[in-house]
Structure formats: C-alpha cells, structure tokens
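What follows is one structure encoded as structure tokens, with my remarks underneath.
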Amino acid sequence: MEGIKRILAAIDFSQYSPQVLRFAVDLTQELKAQLVVVNVLNQRDVQAIEMVQREFPGQSVSSSLRPPQRSASTSSRSCSRKRGLRRWAPKS
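If you're matching positions, the sequence shown starts at 6 in this note's numbering and goes up one per residue.
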C-alpha cells in the first residue's frame, strides 16, 4: 500500500480554521505529502441569504457581505502566489 500523497484541508474561516490549517500543515510535513487547502461555504448560509433576497427584493444583501475590493496588485491570486499558498509540499 502506498503512503498518503495529498491532504485536503477544508476551511471556512471560522474560529476553528487556524487550528485545522496548523494540524494539516504538521501532518503534511510529517507524511511528506502535498497540502491542498479549499475554502468551503455553509449551504444554509447561502440559502438564508437567498431567502432574504426573495423577501426583500429592493435590498442588496450580497453586496453588504462582500469583502472590500482589492487593487490588481493585491488580488487574492497574486497574494496566494506571493505567500506560496497555491500548492504546498514540504522540502525533501
């Protein structure tokens, strides 16, 4: 049987996310595996926003929940590349 090659860490930016990420990094280093991090959304939150939008069609709920816009130089893609978050594997 082959060893574990990839570890998937699903985070939702809740209070538990930093712990999950730290554990995943430690485990990845120990197993010499590749770490894949994904951001997940709670479907109930999405449904609640959709319900509010149906009930109050004149209100813009989604725009008030969006993070502030970033300039092109600090886009999430460029930040993740600078921080090395795109794909991560421990050095041999």
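Every residue, glycine too, gets a C-beta built ideally from N, C-alpha and C.
Check	Outcome
Can you say whether A29 is buried or exposed, counting buried as having 16 or more other CB atoms within 10 angstroms of its CB?	buried
Starting from the C-beta of V42, find all residues in its chain whose C-beta is less than 6 Å away, skip the five residues before and the five after it, and write them out in chain order.	A14
Using the rule of at least 16 other Cβ atoms within 10 Å of the residue's Cβ for burial, across every protein chain shown, is L40 buried or exposed?	buried
Quick one, are the C-beta atoms of R9 and L36 less than 8 Å apart?	The sequence given here places Ile at residue 9; Arg does not occur at that position. Contact: yes.
Which residues bound the alpha helix (DSSP H) around Q39?	Counting along the chain, Q39 falls outside any alpha helix (DSSP H), though it belongs to the beta strand (DSSP E) covering 39-44.
Which value, in whole angstroms, describes the spacing of the CA atoms of S22 and E7?	29 Å
Going by DSSP in three states, I54 sits in which element: helix, strand or coil?	helix
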